Structures are given as structure tokens and as C-alpha cells.
Amino acid sequence: MSPTRRDFIRTTAATAASIAAGGLHVAEAAQTITAPSADSAVLELANEALNAARGAGASYADVRIGRYRRQAIATRERQITGVTDTESYGLGVRTLVNGSWGFAATSAMTRAGAQNAALEAIVMSRAARAVQGRRVELAPVKPVTGTWITPVKRDPLEVPIEDKIALLLAANEAALKVSNVRFVNSGLALLREVKTLVTSEGTNVTQTMIRVGPSFSATAIGTGDFQTYDEELAPRGSGWEYVESLDMRGNAERWASLAAEKLTAKSVQAGQYDLILHPTNLWLTIHESIGHPTELDRAIGEEANYAGTSFVAPPEKVIGQLRYGPAIMNVQADRTQEGSLSRVGWDDEGVPADRWLVIEKGLFKDYQTTREQVARIQKLTGVTRSHGCSFAESWNAVQFQRMPNISLLPGTENIGLDEIVAATERGIVIRNRGSWSIDHQRYNFQFSGQAFHEVRNGKIVGMLRDVAYQSNTPVFWNSMDMIGGESSYWMGGSFTDGKGEPSQSSSVSHGCVPARFKNVTILNTSRNS
Amino acid sequence: MQQASTPARATGGPSQLLSREQAKALADRVLALSPADQTRVNIQSMWSGNTRFADASITTSGGVTDTTVTVTVTVGKRQASSSTNVLDEASLKRTVDLAARLARLSPEDPELMPELGPQTYSTVNAFAESTADLDPEARASGVRRAIAGATTAGKPAGQIFTAGFLEANARAIAVATSNGLFAYHRTTDADFSVTARTPDGTGSGWARGGARDWSAIDAGAVGRIAAQKAVASRNPQSIEPGMYTAVLEPQAVTDLVPLLGNALNARNADEGRSPFSKPGGGNRIGEKVADERVTLYSDPADRMLSGQPFDNQGLPIGRMMWIEKGILRNLAYTRFWAQKQGKQPTGVALAGGLALTGGTKSTEELIAGCSRGILVTHFFYIRALDPRTVLQTGLTRDGAFLIENGKITRALKNFRWNESPLLMLNRLEDIGRPELTEAGRLMPALRVRNFNFTSLSDAV
């Protein structure tokens, strides 16, 4: 029986409050950098575009001016294979005319450039009326003025390049000590994004987002064989202090030895096993099988031509009704989480960062939304605000619904991976992301990993290789029977998650605890299978 | 409300792109700012216009113009790059200085090759005015034609749902070096795809047109074919997963075969980490690696491919025969690896486009020649499983059909599959006539024995 709407709202509020008090956040980094505000030239251009849009008939317009600085360092063995530093600066205008969107962007940062972009967006809005079955209606948002910055101790782009190179080459050197390890790749992707949003409704916010993405991979060569091990170095919305905390120098030899060990690991016997997923693997399964299906644009068909639709649809048949998993399963969306990749002060429509439950006690509860999507489901959820999921990858791309951080909350029993292994008769532990693939409605998936260990009678008995697990999302989550407690919580994430046409990339984190899934199909992916 | 006058032409058009002379002037300005031993300038000037729709409404549309300058500075054996799209003198100077500073801080690269001097390139005409001129009204009109085509063809299923995306791109790229090289190339591409879904939620179809020239794409036909597929794919039935003969439509082949591009890297092969590595050392050039009817090549000057005639270092890209009648003829050599191995450098494997030839039949003829098999429209979410065999996993999408005695007999549920495009090219029953599936891709339908369908998917 489904709860009444009033019960529903009350439960939501109570659960959200208890989770908020749960202290899942990584220790707050002392912030030593203050958030810059927009300079007057930027605001002048934004207002120029806004005025042009309004003057040409826009009922609503927003202007984003972004300056993106990206640095990437790539190495192999004892060499640098690339050092690049990229700056991109420009302006994007979105207009609403008679309920149709238009968007235009330019790097011509002059008054004329801003005006032209606004007028081009208006032309698109008007052209779109030729194909209009539904008018866009925006949920209300209170205009806001402010600044925000990712809390960091040290801006990674200000760290001397030689320190970064030294760190990577030292890690490679340590890895090359391991017998049979012949190839090592390591790298850093660093981003600072300064973004000003000004809307015709009076919002004016400037945000600075800082993200770091380290990587490490070792390849061991055997006789007519090779095996690679990628360490799961989670990208984060953090400063250089996070990269240092990973101790790539100190850990590289241990990571590389796993590549060498895989050469002699036993090839898995395909069949049904209890699967124990370490958070370094489970985060991506959450991303693919919970994050994407609960995007409202997918559920209503707006992604049908690209990423696909969703089995979590139609909204009126699933909200409060779809049993996603067992009662121990609570999944939270959160754009406020410390260190996470999609953390912001406000989204790209000026909506304040939000936190809400997507799945509560195993039941599907609410989607991810932007302002124009709210009206589609507010009668079902009772939620009249946008959840603040609007995001554009750059000034040159239109904002649309993107995934917030989506995390599996810890269980009440304070256990970890060891306790789950000890309680398992025949299983496989999987760590780190390997290959991943899922269908366009998010039912059938097949994921792999980087390190696989066989469990017999409560003990790890050896390493396996050639392992992939294949399942169906609702079946899989309903087979989850054990989850770790708060102390086993870990946050992974993706620096580049693709969606939309033209495809845009976003960054998103997923926290989780280790979990066990009963009787999952394991495939052998070796050439002989 | 007062209405400002709108520009007669909203976005797009060749006028938005840097001409050869403008690109040369910009490159020369940047080169003059660099005091380094060697400098390379890469310029990309682009315009892009797109229109996206779902459920009978245009949901978003956009237009972007941008020009990016990337500066690569070499100091001794050290090299680094920096790029910007802010093109005033001060920003360009900052970008050059940053690249020089990063280069000086970088360790020496023993594999660094000197910048190239003047080169000769093949003549490639890859620019179509019809694509560069595709303004928002013309795009909306294309969308309307597709929806109309889909609505008519979808009638047997009721009110068909359509979603799709139309994109037109125009780019000018240029490379210049302090050793006197200058290369310039203009290109366009247009792509239009439509997904149609039946109102009962049991049928989904898809079609796509892609070309350098928008006028080569029939928007109405894209909508019509998507809807026909949707109607035909209703009420799909399960059959046991396993090894089946598969007829892969050209779009499905386009999803799979270009994945061989990464495996064509010569260095990986020579280093023992590629399917083209020879056990005991070296690579498999000269060995049979595919069915003897298979020929796979890249050629920017081929009028059907119209690829890029140079890479980002300005190295000419010519015709590359990768596999000829089943024999591996070439691998892709970087300049460093070519020098080390005494070979000619080739540049990036697939920059010159990719064509798979060897057959003349239509897709219908391949179906007619199949006693029992599965027809695949296209694939989705393909990911690598094992680089040793180029083994991939993925799913069928928007129409999988059972073929019995040369005829399509019923719609099937989608499958997950685990298969290698390389091993698959050794299990061919027949090869179709290559057709342009997207800009730079000339691919046929294939009929493949024992395609490994591993599990069923409930996705429609």
C-alpha cells in the first residue's frame, strides 16, 4: 500500500534530517581561499546580453560567463608524455520566448559579441516554435546574489609544475621495481572553473569550482600475456592536499604488484557467486544503475535518442511504489557533500544546492530535477522546488539536467568488508572499476573490476582474473543482503560522465559502503571462454 | 514589448570560420611571440549549430562560435603546450610564455621529435556550404520533416513518440611551425538521428544520416525508417541467448569495426600488448588476421571519406592500407616509433577516415541469404573487456529481429553480447556494399557466424 502524500512528506523530512545529522562528510577542509566575485567587465557583458534578450522578447533569459582553466599531465615510465594547460573563456545566453528555449554562445567577449549571442538565441527560440508540443514553465526560485568556492587548502593549479611531475615520476619509479611490470602510466587532471550566472529574475552568483583527478595504471608482461591494474584514485572536488593524501609515491609499488600478481591468478570459473563489492567498485554500479535511471529527463523521454530512457517510469507508477531494493537500502542525492565532484553553492539556474532521498528503505521516492521539470511530478512528490540539478559543462553548452552526487547510505550495523567476507561461504570480492556497460533503460548491466579475490568459507583464498558480473538492476539490488556501516563509507566518482546531445561531460561523486549481493552471474572474459 | 531587430542570419556560415589567410596571419603573430628553439601553433576555428527534440517539441537548440589557439613550445628536449581562446595580444603572449615555462620545467623527453618543416598534402574537399549554412529555421524544418515521416510511418502503432538530434559543424584547422610548416584544412559534417517509440512502450526504432554535406541527408527518410523499425519491433519475444548468425546493418558495423583503430598502434604491438603482437616479439604485419575478402583502409583523399589530410603535428596523412584481403599490411607509427623501427610515420590511425570493403550486396540480400539469424539495427554502450583480443561487450538497440529462411519473422528482445570486431572479421559469411554511415565512415552490412549473444535485456 502506498503512503498518503502527507505521510510521505513527513517521512522524507524525518529521514533527511537523520541522515544530515549522520556525519557522513569527510572532515571539513579548512578553507584558506576566499571565493572571488565577478569583475565589473564580466557583469557588464552579462547585462548587455540580458538586456538584448529582454529587448528582443525573451520572457526569461540567463547568461553564464565562464573561465575554465584545465591542466593535464600525463606520464609513462620515466617520461612525460604530455603537459597541457588550457584556458577557455566565453559567454552563453539562454532565452525563453513563448515557452521555447534558444541558446547561443560566443568567445567574442565584447558588447557586440554579447548582444549578437543574445539575438542569436532569440532566433533559435523563435525557430523552435515551429515544433512545439509543450511550453516550458519554470518552477519559482528566489533570486540570490552571492559567491561560493570549493573549500580547498591549496589550489592545485598554483602548485609548481615540477612538484606535480616529481610526484608522478616517483610513483612510476616505485612501480617499475616490481618484477614483470614494464609499463606504468600516471597522470593528473586539474580544473578550476569560475562561473558567473546572471538571470533576468535577478540572480547574480559567481562560483569557483576546483577539482582534481589523479590516475595510476601498471602493466605487467608475461609469456604471451599481459595484465593491467588501474588503481581507483577517486577524483574529488578538493585541493592539492587531497592528491598528497593519496601517497602515490608510497603506494605505487603495492599497486603495481597487483598487475604482476594477475599474471598468475586463477582464471575464474563462470557461475553463480555471492558478490562482495568494495566501495571502489560499487560506486560505479550505483552511478549506472541508480544515478542514471532516476534522471527525470530520461524517464520522460528527452534522452531517448542518446543515453536512453529509464525503467524507473512512468513517474505516476513508480514514485513511492517501485521496490528498488531491500529495506536496508537508502540512497541520497546531495550537492552539498564535502569533497564531492558535483558540489556547488547554486546550480546553473541559480537554485541552491539540495539534498534529498532518491530511495528510502528500498522504495523509489524522487527523481533528479531542474526548474522546468518540477511541474511534471510535483503532484506526485509534493515537492514544488527544483532539486538544483541544472549543469552545463562550459560556457559554450546549454545547461540541462545532470546527476548530483548519489550515494548509498551506510547500514546501522557497524561492520566492514572483513565482516562481510567472514560471513560468506562462496564469493568473490571485487575492487576498482573495470569495464562497464548497461542497456538504454538501465536493466541489463555487465561490470568488471581490477582486482578479484575468491572467498571460501569466510576467508580470502586467492586472486582471480577474467571476472565480470552481469545482472538486471532490480534483481541485483533486491539481492543485496549485507551492507557496511558508517566507518566503511568511501566516496568514488567520475571526472567525466557523458550525457546529452551534443554530448556534455559532468563530474559526479558516489559514496557507498561495501555490500554483498546473493547469487550473481559471473562471466569469464578471457579469450578462451 | 519592444523587439530589437534580429540578425538576418543567426549563426553559422563560412564567414564565421578563419580563412587560410586569417589563420596564417594569426599563426604568424603567435610564432613571432615565441623566443623558444621551436614552436608549433595549432588553430581550431569552429561553428556548430544543433537542434534537439523530444515528444513533438524542440527541447534545446544551440549555436556556438569559437577559435582556440594551442601553442607547443620546445626548449632543447623539453616540450609543453598551452591553449587559449582569448585572442588579444596580451593573452596570446601569456599563453606562449606559459607553454615555454611549462616546457622548461618539464623533464627531458628522450622521444621528442623536432617540429616538421614544410610538407605536401593531398587535396581534400571536405567542406559543404549546405552544412555550414544550416541555420535554426532550416534545422527546425528538417526536424519537422522527420517528425512528419515518422508520424505517417508509425500510424499502425498509434501516435508514435519521436526524439532526435540534428547537428551541423564547420571547422577550420591550421598547423604552423617555426620550421616553416603551414597547413590549413576546412571541413563540415552533419548528423541527424531519430528514435521512434511506440505508445505501448514495446517498440523502439532508430535511424541516422551522417555526411559532410547536409543535402545528402534525407530528413524525412530518417524519421520514416526509425518509425518503421519501431512498429516492426513491437512485442519482442525472448529466444535463448547463445551463438547465432548475425546480420549487422551498416550502422552496427560502424559501431564495432572502428574500435580496431586503437589496436592498430605499432608501438603497442611491438611492445607485446596488442592483438597484433607476435608471440616472442615483433608484430604481425604480413600475417592473415581477417577473412580474405576483408579490406580495411583509411584515405583522406577518398571522396567518400574526405578525411583530414594532416595530423596535429602537420604530418601528411595518406592512404593507409591496414588490412588487405585479410592480410595485416600496416600499423600506425608515430614519428618517434617510425624512426626507431626504420618505418615511415603514419600519424594517428583513423584520422583519414575508415572504409571496410570487400562486398557488393545490399543488407536485404544478406538477410535473404540467412537461414536462421538475428538482424541488428545498431549497438549501444560498447566497452572493452580484453585488449588482447579487442573483446568488447555491449547491447543491441532499437530493433533486433529473428531471420528465418531469408525473411524477418519476428521482433526479438535486445541482447547483451561479448564479441571482438577482430575475431568477428574471421567469421564472415558475407559482406555487403559499403555505404556512408557517418562523415568519414564507409561501412557495409556483414553477416557473421557465431556472434556471441550472452544474455537478454528487458530494455526497449
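Those sequence lines, one after another, are chains A and B. Anchor point for the first sequence: position 528 equals 528 in this note's numbering, and the numbering is continuous, going up by one each time. This note's numbering runs 529 ahead of the 1-based position in the second sequence. By construction, the Cβ of each residue, glycine as well, lies at the ideal position given by its N, Cα and C atoms. Here the structure is a predicted model, which means the values were calculated and not measured.
The beta carbon of tyrosine 89 of chain A sits closer than 8 Å to some beta carbon of chain B. Around the beta carbon of valine 198 of chain A, a 10 Å sphere encloses 16 or more other beta carbons of the protein chains shown; the residue is thus reported as buried. When secondary structure is reduced to three states using DSSP, serine 100 of chain A falls in the strand class. Identification of chain B residues near alanine 41 of chain A by a Cβ-Cβ cut-off of 8 Å yields none; the smallest Cβ-Cβ distance measures about 12 Å. Rounded to whole angstroms, phenylalanine 391 of chain A and tryptophan 346 of chain A show a C-alpha spacing of 10 Å. A direct Cα-Cα distance of roughly 52 Å separates lysine 817 of chain B from proline 314 of chain A. Under the three-state reduction of DSSP output, threonine 86 of chain A falls in the strand class. Taking 8 Å as the cut-off, the Cβ atoms of glycine 484 of chain A and leucine 417 of chain A count as close. Contact annotation: in the region 880–910 of chain B, residues whose CB is within less than 8 Å of a CB in chain A are Phe909 and Tyr910. Asparagine 251 of chain A carries a helical assignment under DSSP once its states are collapsed to helix, strand and coil.
By the criterion of at least three beta-carbon pairs nearer than 8 Å, the region 286–303 of chain A is in contact with the region 428–447 of chain A.
Per DSSP, alanine 554 of chain B has no beta bridge partner at all. Neighbours of alanine 130 of chain A in chain B, taken as residues at a C-beta separation under 9 Å, are given in chain order as Ile587, Glu666, Ala669, Ser670, Val672 and Arg673. Aspartate 62 of chain A is positioned such that its CB atom lies no closer than 8 Å to that of glutamine 71 of chain A. Secondary structure of proline 143 of chain A (DSSP, three-state): coil.
Just so you know, the alpha carbons of glutamate 413 of chain A and alanine 422 of chain A end up roughly 15 Å apart. In the displayed model, tyrosine 324 of chain A falls within coil according to three-state DSSP, outside both helix and strand. Between threonine 774 of chain B and glutamine 470 of chain A, the alpha-carbon positions lie close to 23 Å from each other. In this structure lysine 869 of chain B is exposed. Its beta-carbon is surrounded by fewer than 16 other beta-carbon atoms within 10 angstroms. By the rule that beta-carbons nearer than 8 Å mark a contact, aspartate 584 of chain B touches chain A. Chain order gives the chain A residues near isoleucine 676 of chain B as Val131, where near means a beta carbon separation below 8 Å. The beta carbon of glycine 881 of chain B sits closer than 6 Å to those of Ser827, Asp828, Pro829, Gly836 and Ile846, all from its chain and outside the five residues before and after it, given in chain order.
Inclusion of arginine 970 of chain B and asparagine 943 of chain B in the CB contact set at 8 Å is not warranted, their separation being larger than that value. The Cβ atoms of valine 429 of chain A and histidine 278 of chain A lie closer than 8 Å to each other.
Listed in chain order, the positions of the region 232–249 of chain A with a beta carbon within less than 8 Å of a beta carbon of chain B would be empty, since no residue qualifies. For valine 602 of chain B, not one C-beta of chain A is nearer than 8 Å to its own C-beta. Looking at the backbone, the Cα of aspartate 466 of chain A and that of alanine 270 of chain A are separated by about 10 Å.
At a cut-off of 8 Å between beta carbons, alanine 819 of chain B makes no contact with chain A. Contact of valine 398 of chain A with chain B by beta-carbon distance below 7 Å involves Thr589 and Gly591. Boundaries for threonine 660 of chain B: no beta strand (DSSP E) harbours it, while the alpha helix (DSSP H) harbouring it runs 658–661, taken from the DSSP string. Under the Cβ criterion of 8 Å, valine 194 of chain A is not counted among the residues facing chain B. Within chain B, no C-beta atom comes less than 8 Å from the C-beta of methionine 480 of chain A; the nearest is roughly 20 Å away.
Fewer than three pairs of CB atoms, one per stretch, sit closer than 8 Å, so the region 695–707 of chain B makes no contact with the region 755–770 of chain B.
A contact between stretches requires three or more CB pairs, one per stretch, nearer than 8 Å, and the region 168–177 of chain A fails this requirement with the region 96–116 of chain A. The three-state secondary structure of alanine 565 of chain B, taken from DSSP, is coil.
Within the region 259–278 of chain A, contact with chain B at the beta-carbon level (separation under 7 Å) is assigned to no residue.
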